[in-house]
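Accompanying notes for the structure given below.
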Amino acid sequence: MACRTVKLLLVATFSLFAIAFSTPLIAQDSLHHEEATEAHAAAGHEEKKEGFNAAEVIFGHILDNHEFHFTEYHDSEGKIHHVSLPLPIILYSKERGLTAFMSSKFEHGEAAYNGYKIEEEKIVAVKEDGTVEESVKVYDLSLTRNVVQMIIALIILTWLMVSIANAYKRGEGVKSAPKGKQNLLEPVITFVRDEVAKPNLGHKYEKYLPYLLTTFFFILINNIFGLIPGTANVTGNIAFTVVLGLISFVVIIFSTNKHFWGHIFNPPGVPGFVKPILVLVEFLGVFIKPFALIIRLFANMVAGHIIIICLISLIFIFGQMSSVAGWGTTPVAIGFTVFIYMIEVLVAFLQAFIFTNLTAVFIGAAFEGEHHEEAAHH
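With positions in the sequence shown counted from 1, the corresponding number in the numbering used here is that position plus 395.
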């Protein structure tokens, strides 16, 4: 009973921590933009609308947005035309009620619509003269590109697994050799089972295998989607990885037993004067484990995308200096970009494996005492 109470308290504490920091995590794009604006103003430079802005391109790709933006071009009159896919805007405020429309109404931030406008990638309420109305609190419930892409990834994952399961029910791949989607995914599923679940979870691997497979394929599909130009880098969003880490934390905590907590609060074979320090370290380790999962996935997926965009940006940066420098930089930049892109394909699989494997390791460590108890019994 005491062990269950401790589990519930830990889950509640970590959940409150996540909720308390959810606003700055989800609004990371606004914070980055504000910091960049303040630094720009402090340097005493005026904002330039012309020319290539590498920082805007980088943050525009790795941060969330209300549309899928692919490219833009200038017509014969010099007017900019954007090639993008607008997404639904769903807003609620106590003063104005519920409002829904498409993001194209904002004309890429150039216009206000129905009393709302996008400023610094954040939707705010405005007055008739276009100034911000601070008294109106806006709750943005929009389907951003991260949300839409996660829904698409979930639909694809469900379709793949259900179709493969139905094929096995019909006897395909059982009485005959697997084919199609079965032939593609069966080795991956077998790998996760034999190399991740069984070594770390022992006889309990079947209980946790559905969760491990769901985590692996959900991260993998989103990683691969993030490599397609114009799509969202979902796994490079800290809010996404926080939710995954929180779910893993809940699973880990509810997998613990009395042996796990006994080793934390009363480490065996440790001198008495060392125990207070070690108990604190071990207790903090309970929270550090999911935090490590969160940061590892986020940092690795963001880093690769930034490197690729920076290499491509070199072409335009040198092109502004001189057309000769721009053309001379192009082959080198494209060559390195293709090389890094190939590495990112490997990283997409590797990070899905690492997150799933570490989750299995932490779950296995949570009920590790049971193995020793069974060995002693035998």
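Idealized CB from N, CA, C, for every residue including glycine.
8 Å Cβ cutoff met for V533 and L486
Counting from 1 along the sequence shown, the entry for residue 533 is found at position 138. Counting from 1 along the sequence shown, the entry for residue 486 is found at position 91. Contact annotation: V533 and L486 have beta-carbon atoms nearer than 8 Å.
7 Å Cβ shell around A562 - same chain, five flanking residues per side excluded
Counting from 1 along the sequence shown, the entry for residue 562 is found at position 167. Cβ neighbours of A562 beyond the five flanking positions: G568 and Q577.
Less than 8 Å separating the beta-carbons of L580 and V591?
Counting from one through the sequence shown, the residue named residue 580 turns up at place 185. Counting from one through the sequence shown, the residue named residue 591 turns up at place 196. Taking 8 Å as the Cβ cut-off, L580 and V591 do not qualify as a contacting pair.
Does DSSP classify E516 as helix, strand or coil?
Residue 516 sits at position 121 when you count from the first residue of the sequence shown. Note: E516 maps to coil in three-state DSSP.
When DSSP builds the beta bridges, which residues end up paired with I496?
Start at 1 with the first residue of the sequence shown, and residue 496 comes out as number 101. Inspection of the sequence shows that residue 496 is occupied by Phe rather than by Ile. Residue pairing by DSSP places F496 opposite I484 in a beta bridge.
From L552 to G455, what does the alpha carbon distance come to, in whole angstroms?
Along the sequence shown, one-based indexing puts residue 552 at 157. Along the sequence shown, one-based indexing puts residue 455 at 60. Computed Cα separation, rounded: 27 Å.
Taking the alpha carbon of G640 as the reference point, which residue from E472, F501, V478 and F693 has its own alpha carbon closest?
Numbered from its first residue, the sequence shown carries residue 640 at position 245. Considering only alpha carbons, the answer is F693.
Are three or more beta carbon pairs between the stretch 676–694 and the stretch 629–644 nearer than 8 Å?
A contact exists between the stretch 676–694 and the stretch 629–644.
Smallest Cα separation from Q544: which of T610, V756 and V629?
Start at 1 with the first residue of the sequence shown, and residue 544 comes out as number 149. Comparing Cα-Cα distances from Q544 to each of T610, V756 and V629, the minimum goes to V629.
Using only alpha-carbon positions, find the residue among A698, I729, F686 and T609 that is nearest to L706.
The count along the sequence shown starts at 1 and reaches residue 706 at position 311. Nearest option by C-alpha distance: I729.
Spatial neighbours of V697 within its chain, please: CB distance less than 8 Å, with the 5 preceding and 5 following residues excluded, ordered by chain position.
In the sequence shown, the residue the question calls residue 697 occupies position 302. Here the set comprises I457, N628 and G631.
Bridge partners - D535, DSSP secondary structure assignment
Counted from its first residue, the sequence shown places residue 535 at position 140. In the DSSP output, where bridge partners are listed per residue, D535 has L486.
Other residues of its chain near L604: CB distance less than 7 Å, five sequence neighbours each side excluded:
In the sequence shown, residue 604 corresponds to position 209, counting from 1. Here the set comprises R588 and A592.
Rounded to the nearest angstrom, what separates I559 and T609 at their Cα positions?
Taking the sequence shown and counting its residues from 1, the one referred to as residue 559 is at position 164. Taking the sequence shown and counting its residues from 1, the one referred to as residue 609 is at position 214. The straight-line gap from Cα to Cα measures roughly 14 Å.
With which residues is Y468 paired in a DSSP beta bridge?
Here residue 468 corresponds to residue number 73 of the sequence shown, with the count starting at 1. According to DSSP, Y468 bridges with H476.
Please classify E601: does DSSP put it in a helix, a strand, or coil?
By one-based count along the sequence shown, residue 601 stands at place 206. Three-state DSSP puts E601 in a helix.
Would L480 pass as a contact of H461 if the rule is Cβ separation under 8 Å?
Indexing the sequence shown from 1 puts residue 480 at position 85. Indexing the sequence shown from 1 puts residue 461 at position 66. In this structure, H461 does not lie closer than 8 Å to L480 by Cβ.
Member of T526, D535 and K522 whose CA lies at the smallest distance from the CA of E516:
Residue mapping note: residue 516 aligns to position 121 of the sequence shown, counting from 1. Among T526, D535 and K522, the Cα nearest to that of E516 belongs to D535.
Secondary structure at E462, three-state DSSP: helix, strand or coil?
Residue mapping note: residue 462 aligns to position 67 of the sequence shown, counting from 1. In this structure, E462 counts as strand in the three-state DSSP scheme.
Hey, how far is the Cα of I475 from the Cα of S537?
Numbered from 1 along the sequence shown, position 80 holds the residue referred to as residue 475. Numbered from 1 along the sequence shown, position 142 holds the residue referred to as residue 537. Each residue's alpha carbon lies about 26 Å from the other.
Alpha-carbon to alpha-carbon, V557 and F612:
Position 217 of the sequence shown, counted from the start, is the residue given in the question as residue 612. Position 162 of the sequence shown, counted from the start, is the residue given in the question as residue 557. C-alpha separation (whole angstroms): 14 Å.
Checking the sheet assignment: what are the DSSP bridge partners for V527?
Translated into the one-based positions of the sequence shown, residue 527 becomes position 132. Partner(s): V521.
Cβ of V756 within 8 Å of Cβ of N595?
Counting from one through the sequence shown, the residue named residue 756 turns up at place 361. Counting from one through the sequence shown, the residue named residue 595 turns up at place 200. Contact flag set, yes.
Spell out the partners DSSP gives Y511 in its beta bridges.
Walking along the sequence shown from the start, residue 511 turns up at place 116. The secondary-structure analysis by DSSP pairs Y511 across a beta bridge with Y508 and A520.
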